[in-house]
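S.K.: Quick one: the structure is below, questions incoming.
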Amino acid sequence: MDWEALIVSYLLGFVLLNILLVLMAYMTWFERRLVAFFQDRIGPNRTGPFGLLQPIADGVKLISKEDIVPANADRLIFLVAPLLSFVLAPLGALVVPFGDSITLFGRQIDLYVIDINVAALYFLAVGSMGVYGIILGGYASGNRYSLLGALRSTAQVISYELVLGLSLVGIFILTGSLSLVEILRAQQRTLILGGLELPNWFILSQPLAFVLFLIAAVAETNRAPFDLPEAETELIAGYFTEYSGFRFSFYFLAEYINMIVVSLIAATLFLGGIDGPFIDGVWWLVAKAFIFLFFYVWLRATLPRFRYDQLMGLAWKVLLPLALINIGVTGLVRLWGIGAL
Amino acid sequence: MAIEVLIFYLLAGVAIAAAAGVVLARNPVHSAVSLVLSFINVAAIYVVLRAEFLAVAQIIVYTGAIIVLVLFVLMLVQQQDLPEFHGGRPLRRAVGFLLGLALLAEVAAAILTRSLRGAPGSWTPEAVAAVGVRWLGFELFSAKKPIRWEAVGCCCGGWEEGAPLPYESRRWDIPSAATVGKSGFYGWKIQFPQLENPVASGRKIGTFGRENRNAGANSLMAGGRD
């Protein structure tokens, strides 16, 4: 066993998780400020310069609050569910490639935590596990509103996960691989379209899949306009109504980490990841992920929430057939040799 | 090698303990959570054996879809209305005990009459890892088998399509015995057994909330028959 490679992987993973946590904290600040500007307000600007210390103040406040377990709750599951959500959220980021390999101390180090040959499926698997935190939290609270939120979340995640998975099949057909590193390499080639030389990013060859992925990803992360599990106008706060203090903050953190992870994966799969003009590098990945994060906030500030039947109808009657058509067309194109790699 | 064996025993131990928890837990939700734990540990064993695709498929299909649906159903029913799983009538207990013993004897016979290790084939973990998921795809979708896979895919698609429909509280148009008996499918005389209508017969129907017997919950629990 290559112990050194294993230790390097662990170190990279550790650094990555910590960066994610800091980014997550500032994502909350970014969202509040941005939504405030959308709504012609100012947003948090008192704590530190531009309100930059606000996430830290929020963290201190949440940790020092009382941790209440309702008398009606299923105690063990109630205590574990938020941790489950929080622990599973950042795991998807472990397969994102952050750069090419560099040589450090006479040793080649790849700038990704791990390259597994089913990385894209691994991302989907982690996402499908993440729903357990919500379901179990909602069930264990012993509260009708929480249970309803959990039920909605279950139906929503099962439906949209299907679309999320199927929207990626076109990419798998074009690259012939499920590994994110391989998919990234395929995108670093040049696409020649008539006289134009374009990067071979999959947003150009799979535009429909990109739109489907984007919609399904917003639904998977339970964000507006798909935030039915926590619809405050109907369900108070949905699955986390009964949670307080740092257990509530775990759900909160998980949601924002999920957003960041999905943005990183989307940037890698469709926008060429670290590939960009001038010098390839992690800054391109960050810039592209930032576009997605801005899009998330933009959606939240702009769109009203879906009704439940609209949500289900959209997934099963519109998105799923489109995803299947996309797979069929991509398969035929690949069969006839156009766009073969 | 030693550390892999150690990891295997750890994972297998947790998997077996969780499997025992499925049977022993008194709360069905706890059983489902134990089952999830067991599945995850089995998936981790697949990873140790370098079969990543199998592990991920196990997680997506079993823990990500099937157990989620199980929990979904458990939440729809009122927990107090569930039958008592432990205890019950003495005859039922005795039969259950005997059947369990018979199953144990079968498994024990199967294990004890053969070597646990099996015959070593040409596929080592390294060989499996080297060909990876690509080879699996080619093998599954090679010229010989695609029709079968399409058929399986259509069936699964149908199930998935149908799964959320009851929750939308749609009414299923199940042909009643009267209409089918007259026309028949393909000239066959099919008599569906006449199910008793639970609403008309006044039997107690499980509803989502005790004091909240809305139409949606009724049609769901009664299989949507009018």
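Those protein sequences? They're chains A and B, same order as listed. So the first sequence is residues 10 to 350, counted in my numbering. So the second sequence is residues 35 to 260, counted in my numbering. Glycine included, every Cβ here is placed at the ideal spot set by N, Cα and C.
1) Report the residues of the segment 326-340 of chain A with a CB closer than 7 Å to any CB of chain B, ordered along the chain.
2) Is there a C-beta anywhere in chain A that falls below 8 Å from the one on glutamate 140 of chain B?
3) Which chain B residues are close to valine 17 of chain A, counting only those with a beta carbon under 8 Å from its beta carbon?
4) Which partner residues does glutamate 206 of chain A have in the DSSP bridge list?
5) Leaving out five residues on either side along the sequence, give the residues of the same chain with a beta carbon under 7 Å from the beta carbon of isoleucine 77 of chain A.
6) If you draw a straight line from the C-alpha of valine 172 of chain A to the C-alpha of arginine 126 of chain B, how long is it?
7) From the beta carbon of isoleucine 50 of chain B, is the nearest beta carbon of chain A less than 8 Å away?
8) At 9 Å on the CB atoms, spell out the chain B contacts of threonine 163 of chain A, in chain order.
9) Along chain B, which residues have their Cβ under 8 Å away from the Cβ of serine 137 of chain A?
10) Looking at the C-beta of valine 90 of chain B, does it have a partner C-beta in chain A at a distance below 8 Å?
11) Look at leucine 328 of chain A and alanine 233 of chain A and say whether their C-beta atoms are less than 8 Å apart.
12) Give every residue of the same chain whose Cβ lies closer than 7 Å to the Cβ of valine 44 of chain A, excluding the five residues on either side of it in the sequence, and list them in chain order.
13) So is serine 186 of chain A in contact with chain B if we call contact Cβ pairs under 8 Å?
14) Between glutamine 165 of chain A and leucine 132 of chain B, what straight-line distance do the alpha-carbon atoms span, to the nearest angstrom?
15) Would the segment 209-223 of chain A count as touching the segment 278-289 of chain A if we require 3 or more Cβ pairs under 8 Å?
16) For tyrosine 252 of chain A and chain B, any beta-carbon pair shorter than 8 Å?
17) Nearest chain A C-beta to arginine 168 of chain B closer than 8 Å, yes or no?
18) What did DSSP end up calling aspartate 236 of chain A once you bin it into helix, strand or coil?
19) Can you check whether the C-beta of glutamate 160 of chain B is within less than 8 Å of a C-beta belonging to chain A?
20) I'd like to check one pair, leucine 175 of chain A with isoleucine 336 of chain A: are the Cβ atoms closer than 8 Å?
21) CA-CA distance, aspartate 11 of chain A and glutamate 239 of chain A?
22) Counting only beta-carbon separations shorter than 8 Å, does valine 186 of chain B have a partner in chain A?
23) Less than 8 Å between the C-beta atoms of isoleucine 283 of chain A and glycine 108 of chain A, yes or no?
24) Whole angstroms is fine: what's the gap from threonine 339 of chain A's alpha carbon to leucine 71 of chain A's?
25) Out of A:Gly136, A:Gly147 and A:Ala34, which has the shortest C-alpha to C-alpha gap to proline 79 of chain A?
26) Counting Cβ pairs closer than 8 Å, one from the segment 285-296 of chain A and one from the segment 256-264 of chain A, do we hit at least three?
27) What are the boundary residues of the alpha helix (DSSP H) that alanine 246 of chain A is part of?
28) Within its chain, find whatever has a CB closer than 6 Å to the CB of methionine 268 of chain A; leave out the 5 residues flanking it on each side and keep chain order.
29) Tell me whether isoleucine 283 of chain A sits in a helix, a strand or coil according to DSSP, three-state version.
30) Give me the chain A residues within the contact set of valine 63 of chain B, using Cβ-Cβ distance strictly less than 9 Å, ordered along the chain.
31) Starting from phenylalanine 301 of chain A, trace the alpha helix (DSSP H) in both directions and tell me its first and last residue.
32) When the Cβ atoms of the segment 128-135 of chain A are set against those of the segment 204-219 of chain A, are three or more pairs found closer than 8 Å?
33) Taking only beta-carbon atoms, is valine 70 of chain B less than 8 Å away from chain A?
34) What's the C-alpha gap between valine 96 of chain A and glycine 346 of chain A?
M.R.: Reading off the structure:
1) none
2) no
3) None at all; the shortest Cβ gap to chain B is about 18 Å.
4) A:Ile201
5) Ser253
6) 45 Å
7) no
8) Val102, Leu103, Leu105, Phe106 and Met109
9) Ile93, Ile94, Thr97, Gly98, Ala99 and Val102
10) yes
11) no
12) Val306, Arg309 and Ala310
13) yes
14) 42 Å
15) yes
16) no
17) yes
18) coil
19) no
20) yes
21) 46 Å
22) no
23) yes
24) 49 Å
25) A:Gly147
26) no
27) Looking at the DSSP string, alanine 246 of chain A is not in any alpha helix (DSSP H), and its letter there is neither H nor E.
28) Thr230 and Tyr305
29) coil
30) Asp83, Ile86, Leu145, Tyr148 and Ala149
31) 291-311
32) no
33) yes
34) 43 Å
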